[in-house]
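A.B. asks: Quick one: the structure is below, questions incoming.
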Amino acid sequence: MAKSICTALREGALEGELAPALTIKDSIASPFGLQVFDHVLSQLFSSILAGKSPSQGLILVSFSRSPSFYLELLKNKGISVASSDKRIQILDCYNDPLGWKDQLVEISSTVTVFREVKHMDKLFNSIIELGRGLVGGGKIRFSIAIDLVDEMLRRASVSSVARLLSNLRSHEQISSIFWLLHSDLHKARVTAVLEYLSSMVASLEPSHQLANGQRGDLENFALIEHNSKKGKFHVRFKKRNGRVRVMSEEVHMEQAGVNFTPLSSEGAINQGLVPKVQFNLQLSEKERIDKANVVLPFEHQGDNGKPLQIYDGRRSLVDSKQERAVAVEKEESDSQRGEIIYYRDSDDEMPDSDEDPDDDLDI
Amino acid sequence: MAAAKTRSSSFSGNLSSAASSLGPGLKCGPNGTVLLSSGIPDLDKILGGGFPLGSLVMVMEDAEAPHHMLLLRNFMSQGLVHSQPLLYASPARDPRGFLGTLPSPAASKDDKSRGPEPDQLQEKGLRIAWQYKKYFGENQLNFDGQRDGKHKYSNEFNLRNPLERHFINGQRVDCFSIQDSPDLSILQDRCTTFLSQLPRNDGSISCAGRIAIQSFCAPQCVYSNMEWEMLSFIRSLKNMVQSSNSVAIITFPPSLLSPSFCKRWQHMADTLLSVKAIQDDDKELAQLLTGYQDMIGFLNVHKVARINTQVPVILEATTFSIKLQKRRYLILECLNQAPVDGSSGTSYGTSGSCSSSSKTGNLDF
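Each protein sequence line maps, in turn, to chains E and W. Last residue of the first sequence? That's 363 in full-length UniProt numbering, and every number before it is there in order. Last residue of the second sequence? That's 365 in full-length UniProt numbering, and every number before it is there in order.
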């Protein structure tokens, strides 16, 4: 649930705990990662501005988009950056990451250019410095948003990126941190590392899986188009008590951004409260009708008390009819007294005979 | 004369007379081994008494839950309570800070009571003991508690109370961070110096040492992509530990290793455990197991150390649920099936999974 993520990021870390960290991961099949990132960013920043969070500022490390894009984005969301100069700082790793350009035109006071993305420790220092400059030193906290971790992984080793992220998480002035990852650009181990380092993992998946991963088929085009507007948003929270909370939502791409709605019933997880057993306890309609039609081999059954003729294979039909008719009448007259009417299994057998039926076996 | 004693198997060795003079926190185990406690009485019971000296214990972590920390905390606290030297290595910047979270032993007064209160047990009449095996442990528990004098072999630890300072200071407690070491030589040297203090002789064992290495292949460590080096470190540690009076415990997240190395590491272990996270609000699991609400995770015992013997250990159950009783005491319980569900083995395979990958959990009853 996007709301719970934003709440968790907003609340930040408790004393002595690592800061909550969110990984947003997407793939080519469901490429809304950047839009979800923007959504979370604007939500978090507006709560910081509104004073609802212990975090006093936000540092945005932008790799994949120009800082002016973010300033525009925040303006469009109705958050005026000019007045919130003291609350957000953007570390620009987009314009000149490797220090090739001699000089850059400064965009605004909120943007600081960073030129050494190959060196993770320098990046760490810059982030902390920028944060301290924003909120001051001491115990005041700030949040961090990292645009695209893929760009960091392009230039530095996995262990140095992991070290940067874990040091940021354990820094006492960081309230919360989140980042975006395109999971199909990396080996599985890299995604596993980033999931290991985060306390919440939000993944975007297509609502319909494409058959065999082939994207050229005609039938698949409709699915691809469908997937380009909608997707599934799964979140795994690592709670403090050691349990994992799994939640899912649907995400829709719209002009204004992304929209989250609860999952439609086609993907329902709850299957009712009937316990799983190996045999089927429910009856279908046809089965119910058939069941009502089954003639049970009990006596005194049938319409209006008329005796039912059940051929038991031992006597002729006529005899049995008569005998049963007698019995039924007798029972009807003696209904008050509650008699037990018993028919012996075999009419050859004498009552209470001492004969051992096994005697005639030749053993 | 040893012949007068009953032997558990014809391959067991003679217990030497030196075994009688053991230091605190040590006891004799089967086949001439000496055991020390893991800090969790339930785990000791499952493993047949505790960890044997000279063995390497490996714990496979779950990236989604910090349960391995609970195991480590109890292990380290138990060692400190018995004044056993401790070496702790972790990828955190400040490993000494972790010592502040170690639990203190529970006072014998507020001993936890398992099962129903004594008054209820005096009920006359027929009682149906649903899941009767739960009640077996009670009698044994009371008996064990009375035996020891000052030094109990194994303590219950209260996770709410931190360990008193005097246990940590003035002890041979060595902590260091493995995050910035470019390679494993520093860790190797520290372990060598630590273990050289605890050589194994045929004489009496005055004290045993404990080594705890947390999250060995954590991604923030520089050496974490040097897989062969890590494996050879584990092998050399195992050899050093075998010829000394100590137990080493290494925890690692298997999802961060390549599958072949993961298997190799598992084979290195004498005792192999794994912890798994449990999903919150899982209705299927709640229907399948009783006591689901109190569980915080699962513990699987994959391998139990067998030293000086060829006879394998076959456990009654290998999956246990981890619970925090009264939110303080770590207990391990066998999984008990809920009464309503009448399904057989096939349904567990699908309902036990709680990780994001498609592998299904193994619930072994």
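Glycine included, every Cβ here is placed at the ideal spot set by N, Cα and C.
What does P162/W pair with, by DSSP beta-bridge criteria?
C.D. replies: Looking at the DSSP assignment, P162/W forms a beta bridge with P103/W.
A.B. asks: CB residue 380/W to CB H68/W, shorter than 8 Å?
C.D. replies: This structure cannot settle anything about residue 380/W, because the visible part of chain W is limited to 1 through 365.
A.B. asks: Assign G57/E to one of three DSSP states: helix, strand, or coil.
C.D. replies: Looking at G57/E - three-state DSSP - the assignment turns out to be strand.
A.B. asks: Check distances from the C-beta atoms of the region 296–319 of chain W to those of chain E and list, in chain order, the residues that come in under 9 Å.
C.D. replies: Answer set for the region 296–319 of chain W: I296 and G297.
A.B. asks: If you run the structure through DSSP and keep just helix, strand and coil, what is F32/E?
C.D. replies: Three-state DSSP puts F32/E in coil, outside helix and strand.
A.B. asks: For R245/E, which beta-bridge partners are listed by DSSP?
C.D. replies: R245/E pairs with F237/E.
A.B. asks: So is residue 372/E buried or exposed if we call it buried at 16+ other beta carbons inside 10 Å?
C.D. replies: Beyond the ends of chain E as shown, which are 1 and 363, falls residue 372/E; an answer cannot be given.
A.B. asks: Comparing the C-beta of L163/W with each C-beta of chain E, is any distance below 8 Å?
C.D. replies: With 8 Å as the cut-off, L163/W does not count as an interface residue toward chain E.
A.B. asks: When the Cα atoms are used, what is the spatial distance from G297/W to R172/W?
C.D. replies: Looking at the two C-alpha atoms, the distance is approximately 33 Å.
A.B. asks: Assign E332/E to one of three DSSP states: helix, strand, or coil.
C.D. replies: Any reading at E332/E must be qualified, since the residue scores a pLDDT of 47, below 50, and its modelled position is unreliable; no value is offered.
A.B. asks: For R236/E, is the classification buried or exposed, using 16 other Cβ atoms within 10 angstroms of its Cβ as the cut-off for buried?
C.D. replies: When all chains shown are included, R236/E counts as buried.
A.B. asks: With distances taken between CB atoms, is the gap from L195/W to S260/W smaller than 8 Å?
C.D. replies: No; because the gap between Cβ atoms is not below 8 Å, this pair is not in contact.
A.B. asks: What distance in whole Å lies between the Cβ atoms of C191/W and A240/W, which are believed to be in contact at a cut-off of 8 Å?
C.D. replies: For the sequence presented, residue 240/W should be read as Met rather than Ala. Sure, about 6 Å apart at Cβ, within 8 Å.
A.B. asks: Output yes or no for whether 8 Å exceeds the beta carbon distance between residue 369/W and V222/W.
C.D. replies: With chain W covering 1 to 365 only, the question about residue 369/W has no answer from this structure.
A.B. asks: Looking at the strands, I want to know which residues DSSP matches up with L56/W.
C.D. replies: Its beta-bridge partners are A248/W.
A.B. asks: With a threshold of 6 Å on Cβ separation, who are the neighbours of E156/W within its own chain once the five nearest residues in sequence on each side are excluded?
C.D. replies: Excluding sequence neighbours, E156/W sits near A106 and Y329.
A.B. asks: Could you give the DSSP three-state label for residue 374/W: helix, strand or coil?
C.D. replies: There is no way to answer for residue 374/W, as the model of chain W reaches only from 1 to 365.
A.B. asks: Between S198/E and K27/W, what straight-line distance do the alpha-carbon atoms span, to the nearest angstrom?
C.D. replies: The alpha-carbon atoms of S198/E and K27/W are separated by roughly 42 Å.
A.B. asks: Mind checking who P262/E pairs with in its DSSP beta bridge?
C.D. replies: E249/E.
A.B. asks: So, with DSSP's three-state summary, where would you put K230/E?
C.D. replies: Strand.
A.B. asks: With a threshold of 16 other CB atoms inside 10 Å of the CB of V311/W, please say whether the residue is buried or exposed.
C.D. replies: Under this definition V311/W is an exposed residue.
A.B. asks: Counting Cβ pairs closer than 8 Å, one from the region 32–41 of chain E and one from the region 115–125 of chain E, do we hit at least three?
C.D. replies: Short answer: they don't touch.
A.B. asks: Measuring only between beta-carbons, confirm whether G137/E sits less than 8 Å from chain W.
C.D. replies: No - not a single Cβ of chain W is within 8 Å of the one on G137/E.
A.B. asks: If we cut at 8 Å on Cβ distances, does R115/E have a partner in chain W?
C.D. replies: No, R115/E does not count as interfacial toward chain W.
A.B. asks: Please state whether DSSP places D144/W in a helix, a strand or coil.
C.D. replies: Caution is warranted here: a pLDDT of 45 is assigned to D144/W, below 50, making its placement in the model unreliable, and no coordinate value can be reported.
A.B. asks: Output, in chain order, the set of chain E residues within a Cβ distance shorter than 8 Å of Q279/W.
C.D. replies: Near Q279/W (Cβ distances below 8 Å), the residues of chain E are R243, V244, R245 and V246.
A.B. asks: Ignore the nearest five residues each way along the sequence and tell me which others in R127/W's own chain have a CB closer than 6 Å to its CB.
C.D. replies: For R127/W, where only same-chain residues beyond five positions count, there are no Cβ hits under 6 Å.
A.B. asks: Answer yes or no: does any C-beta atom of chain E fall closer than 8 Å to that of C221/W?
C.D. replies: With 8 Å as the cut-off, C221/W counts as an interface residue toward chain E.
A.B. asks: Just by C-beta distance, which residues in the region 247–268 of chain W are closer than 9 Å to chain E?
C.D. replies: Residues passing the 9 Å Cβ filter: P253, S255, L256, L257 and S258.
A.B. asks: Here's a check: name, in chain order, each residue in its chain whose Cβ is nearer than 6 Å to the Cβ of G57/E, leaving out the five neighbours to either side.
C.D. replies: So the list reads R87, L134, V135 and F142, once near-sequence residues are dropped.
A.B. asks: Nearest to P97/E by CA position, among R155/E, L60/E and L130/E, is which residue?
C.D. replies: With distances taken between Cα atoms, P97/E lies closest to R155/E.
A.B. asks: Considering Cα atoms alone, identify which of I5/E, S64/E and D359/E is closest to D147/E.
C.D. replies: Measuring from the Cα of D147/E, the nearest candidate turns out to be S64/E.
A.B. asks: Using a beta-carbon distance cut-off of less than 8 Å, what residues from the region 144–158 of chain E approach chain W?
C.D. replies: Hits within the stretch, in order: S157 and V158.
A.B. asks: Leaving out the 5 sequence neighbours to the left and right, which residues in its chain are closer than 6 Å to S53/E when beta-carbon positions are compared?
C.D. replies: Here the set comprises R10 and S47.
A.B. asks: Taking only the alpha-carbon atoms, compute the straight-line gap between A305/W and S160/E and give it to the nearest angstrom.
C.D. replies: Going by the C-alpha atoms only, they are around 37 Å apart.
A.B. asks: Return the residue from the list L198/W, T33/W and P52/W that minimises the CA-CA distance to T271/W.
C.D. replies: The option with the nearest alpha carbon to T271/W is P52/W.
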